[in-house]
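Data first, discussion second: the structure below is written as C-alpha cells.
Residue numbers (the UniProt record's numbering): 1 to 393.
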C-alpha cells in the first residue's frame, strides 16, 4: 500500500512583482487646448488681441505684429462625426489636445477692420464729412476690443492709416490727415484683390463656376472604333552548322493579326462657355466671396452695384440669360418625356394584364377534357336547361 503524507508541504514564498511607473504624466483637461499655426516671420512683439469682426461686429481674435501686419485666424476642422485629437511631443512637455480644430494665421487687410467706422457716418446723411482717424476709430465698438491698445504702437497706427488712405479721399488739416470714404476706390481695391485670387479653390470652382455655367446636354453619341493589324511574315537568317559550307538557312515566322477596339463618347451641349465668360464668372464669384467675408451686408449691396459699373459683365449676363432659356426648355422637355414614359408604362401594364388573362384562359382550356369541349360545341338552342326539370310545379 502506498504511503501518504499526513502533513502539508511548506508553502514557497511568492516572488515580489516589479512595477514600473511612467516618468511623464499627462493631466486631463476639461477645456481642450487650441492649436495655432503662427507665421514664422512674426516678431516676439506680436500679440493675440480681440477686435470687432468687420462683417457682423462680434468680437474675434486677431494676431497683431508691429513689423509684419495683422493676421486673422482661419479654423480648419475635421467633420464632427470623425473624432480627432492632437499629440504634441516636445521632450518632457508632452501634451494631448482633445480638440480637433486647427487655427491658422493668415494676413488680413487692416482696412476691413476700420471699414464699419468709415461708412457709419453716411447712414443718416447724404453728405460725407472729412474726419480724423481718431474720430473714425471712435465709431468702432469698444466692448471687448483692444483697438486702443494696439493704436498706441506707432507702426500699427501708421499701417492702418496708410490703408485707410487707399480707400478714402484725404485732405491735410495742419499736421493731421482727414479721411472720407470713397466707394469707387473701395470697389477698385476689392476688385484688385479678387483678380489676385486667380484660380479659385477646387470646391468653389466646381460649385460656383463650372456648375453655374454648365449647359444641359442635348445628345450623347457613342462610337466604336476598331483598329486591326494585318498578319506579317518575318524572315530570320541563321548560319548552317557546317565547317565546309558557308550556306545559310532561312526561318519564316508568321505573326498573327491583332485588333484594338476603343469607345469614344461625344457629348453635345446646348452652348459652351468661352474663356472670357469663365473669367468674368470667376471674378464675380471672388468679389462676392470677399464681400461676404469682410464687409457688412448693407455696404456689400452697394459695392455689388458699384462693381457692375466698373466691370463690363454684359458678355456673362447674355450667356446666363441664354443658359436660363436652354435650362427651362430642357426642364420642359424632361417633363414631357416623363409624362410620355408614364403613358407608355400604363399601356405596357394593360398589355401585360391582357396577355396574362389570355394565358390563363388558354391554360384552362388545355385542362378541359375532350368530352367537355365537345359538349360546348352542341347547339342547345330551344332546349331546356337541366335545372328546369327540378323546379316546383
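Every residue gets a Cβ at the ideal spot worked out from N, C-alpha and C, and that includes glycine.
* To do: Measuring alpha carbon to alpha carbon, tell me which of 286, 313, 306 and 304 ends up nearest residue 277.
  => Mapped onto the chain shown, residue 277 falls at position 277. Nearest of 286, 313, 306 and 304 to residue 277, Cα basis: 313.
* Asked: What's the gap between the Cα of residue 112 and the Cα of residue 60?
  -> Within the chain shown, numbered from 1, the residue matching residue 112 stands at position 112. Within the chain shown, numbered from 1, the residue matching residue 60 stands at position 60. A straight-line Cα-Cα distance of about 13 angstroms links residue 112 and residue 60.
* Kindly indicate which residue of 214, 317 and 137 has the alpha-carbon position closest to the one of residue 271. => Working through the chain shown from its first residue, we reach residue 271 at position 271. Of the listed residues, the one whose Cα sits closest to residue 271 is 214.
* **Reduced DSSP category for residue 165 - H, G, I as helix; E, B as strand; rest coil** => Within the chain shown, the letter at position 165 stands for residue 165. Three-state result, residue 165: helix.
* Asked: For residue 394, which of helix, strand or coil comes out of DSSP?
  -> Lying before the first or after the last residue shown, residue 394 is absent from the chain, which here runs from 1 to 393.
* Enclosing beta strand (DSSP E) for residue 200 [first to last residue] -> By one-based count along the chain shown, residue 200 stands at place 200. Run containing residue 200: none; DSSP gives neither H nor E here.
* To do: Have a look at residue 206 and residue 37 and give me their C-alpha separation to the nearest angstrom.
  => Taking the first residue of the chain shown as 1, we reach residue 206 at position 206. Taking the first residue of the chain shown as 1, we reach residue 37 at position 37. Between residue 206 and residue 37, the alpha-carbon positions lie close to 29 angstroms from each other.
* To do: Would you list the one or two residues that DSSP bridges to residue 105?
  => Here residue 105 corresponds to residue number 105 of the chain shown, with the count starting at 1. 73.
* Report yes if the CB atom of residue 287 is closer than 8 angstroms to the CB atom of residue 307, and no otherwise. => Along the chain shown, read from residue 1 onward, the residue named residue 287 stands at position 287. Along the chain shown, read from residue 1 onward, the residue named residue 307 stands at position 307. At the C-beta level, residue 287 and residue 307 come within 8 angstroms of one another.
* **residue 153, enclosing alpha helix (DSSP H) - first and last residue** => Against the chain shown, residue 153 aligns to sequence position 153. Taken as a continuous stretch (DSSP letters only), residue 153 belongs to no alpha helix (DSSP H), as it is neither H nor E.
* **C-alpha gap between residue 115 and residue 295, whole angstroms** => Along the chain shown, read from residue 1 onward, the residue named residue 115 stands at position 115. Along the chain shown, read from residue 1 onward, the residue named residue 295 stands at position 295. Taking C-alpha positions only, residue 115 is separated from residue 295 by approximately 8 angstroms.
* Determine the extent of the beta strand (DSSP E) in which residue 206 is found, giving its start and end residues. => The residue you call residue 206 lines up with position 206 of the chain shown. Here residue 206 belongs to no beta strand (DSSP E), and DSSP marks it neither H nor E.
* According to DSSP, which residues form a beta bridge with residue 295? -> Position 295 of the chain shown, counting from 1, holds the residue named residue 295. In the DSSP output, where bridge partners are listed per residue, residue 295 has none listed.
* Mark residue 133 as exposed unless 16 or more other C-beta atoms lie within 10 angstroms of its C-beta, in which case mark it buried. => By one-based count along the chain shown, residue 133 stands at place 133. By the Cβ-count criterion, residue 133 is buried, with 16 or more other Cβ atoms from all chains shown falling within 10 Å of its own Cβ.
* To do: Could you check the C-alpha separation between residue 361 and residue 367 for me, to the nearest Å?
  => Position 361 of the chain shown, counted from the first residue, corresponds to residue 361. Position 367 of the chain shown, counted from the first residue, corresponds to residue 367. Inter-residue distance for residue 361 and residue 367 is about 10 angstroms (C-alpha atoms, whole angstroms).
* Could you tell me the distance, in whole angstroms, from the CA atom of residue 282 to the CA atom of residue 190? => Residue mapping note: residue 282 aligns to position 282 of the chain shown, counting from 1. Residue mapping note: residue 190 aligns to position 190 of the chain shown, counting from 1. Straight-line Cα distance between these residues: approximately 14 angstroms.
* By a C-beta neighbour count over all protein chains shown, 10 Å radius and 16 as the cutoff for buried, is residue 239 buried or exposed? -> Counting from 1 along the chain shown, the entry for residue 239 is found at position 239. In this prediction, residue 239 has a pLDDT of 49, which is less than 50 and means its spatial position is unreliable; what the coordinates show is noted afterwards. Burial check for residue 239: the Cβ neighbour count within 10 Å stays below 16, so the residue is exposed.
* Can you have a look at residue 244 and say buried or exposed, based on whether 16 or more other CB atoms are within 10 angstroms of its CB? => The sequence position of residue 244 within the chain shown is 244, counting from 1. Annotation note: pLDDT 46 at residue 244 (below 50); position unreliable, coordinate value reported separately. Counting every other CB atom within 10 Å of its CB across the protein chains shown gives residue 244 a total below 16, marking it as exposed.
* With 8 angstroms set as the bound, which would you pick, yes or no: does the beta-carbon of residue 96 sit closer than that to a beta-carbon of chain B? -> The structure shown has no chain B; it contains just one protein chain.
* Asked: Taking the alpha helix (DSSP H) that residue 215 falls in, what are its first and last residues?
  -> Start at 1 with the first residue of the chain shown, and residue 215 comes out as number 215. No residue range can be given for residue 215, since it is assigned to no alpha helix (DSSP H) and is classified by DSSP as neither H nor E.
* Asked: Which word fits residue 136, buried or exposed, when buried means at least 16 other C-beta atoms lie within 10 angstroms of its C-beta?
  -> Sequence index remark: in the chain shown, residue 136 carries index 136 (1-based). By the 10 Å Cβ count, residue 136 comes out buried.
* Helix, strand or coil for residue 179, going by three-state DSSP, please let me know. => For the purposes of this step, residue 179 is identified with residue 179 of the chain shown, where counting begins at 1. The answer is strand: DSSP assigns residue 179 an E or B state.
* Limits of the unbroken alpha helix (DSSP H) element including residue 412 -> Nothing can be reported for residue 412, as the shown portion of the chain is limited to 1 through 393.
* Beta-carbon separation of residue 105 and residue 44 under 8 angstroms? -> Working through the chain shown from its first residue, we reach residue 105 at position 105. Working through the chain shown from its first residue, we reach residue 44 at position 44. In this structure, residue 44 does not lie closer than 8 angstroms to residue 105 by Cβ.
* **CA nearest to the CA of residue 210, picked from 197, 151 and 279** => Here the question's residue 210 lines up with position 210 in the chain shown. The option with the nearest alpha carbon to residue 210 is 279.
* To do: Determine, using beta carbons only, whether residue 119 and residue 70 come nearer to each other than 8 angstroms.
  => Translated into positions along the chain shown, residue 119 becomes position 119. Translated into positions along the chain shown, residue 70 becomes position 70. Result no, Cβ atoms of residue 119 and residue 70 do not sit closer than 8 angstroms.
* To do: Determine, using beta carbons only, whether residue 167 and residue 151 come nearer to each other than 8 angstroms.
  => The sequence position of residue 167 within the chain shown is 167, counting from 1. The sequence position of residue 151 within the chain shown is 151, counting from 1. Not closer than 8 angstroms, so no.
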